[in-house]
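S.K.: The numbering of the sequence shown is the numbering used here, which starts it at 27 and goes up by one. For each residue, glycine too, the CB sits at the ideal point set by N, CA and C. Structure below; questions to follow.
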Amino acid sequence: MSEPTRAGEGALPADADAALKRATELIEREEGATHRLKGWLAWVIGGLAVAASLFHLYAAYGIVPTQLLRPVHVAII
């Protein structure tokens, strides 16, 4: 036997997509449209972001000398 669930518990409303679209429109109206990159440029920017994150995590251990850390950081950013 399964337990009865309360209304609204774990269930999305039938018009969840419409509500999400409406919320997105309200945010864009208040804050302005954001840049939405697509295609190869999105992959390049995403790859650079991942590379920068991995480099900085590696550098956080103190293995990278300062003379290398600073120029690489500026070059990536």
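1) Leaving out the 5 sequence neighbours to the left and right, which residues in its chain are closer than 7 angstroms to residue 71 when beta-carbon positions are compared?
2) Short check: CB of residue 102 to CB of residue 68, under 9 angstroms?
3) What span of residues does the alpha helix (DSSP H) with residue 89 cover, start to end?
4) Cutting at 7 angstroms between CB atoms, please list the residues of its own chain near residue 48, excluding the five before and the five after it.
5) Would you kindly work out how many angstroms separate the C-alpha atoms of residue 73 and residue 81, rounded to a whole number?
M.R.: On the basis of the data shown:
1) Numbered from its first residue, the sequence shown carries residue 71 at position 45. Cβ neighbours of residue 71 beyond the five flanking positions: 63.
2) Counted from its first residue, the sequence shown places residue 102 at position 76. Counted from its first residue, the sequence shown places residue 68 at position 42. No, they are not a contact pair.
3) Within the sequence shown, numbered from 1, the residue matching residue 89 stands at position 63. No alpha helix (DSSP H) contains residue 89, which DSSP labels as neither H nor E.
4) Mapped onto the sequence shown, residue 48 falls at position 22. Same-chain partners within the cutoff: there are none.
5) Your numbering for residue 73 matches position 47 in the sequence shown. Your numbering for residue 81 matches position 55 in the sequence shown. Each residue's Cα considered, the two are about 12 angstroms apart.
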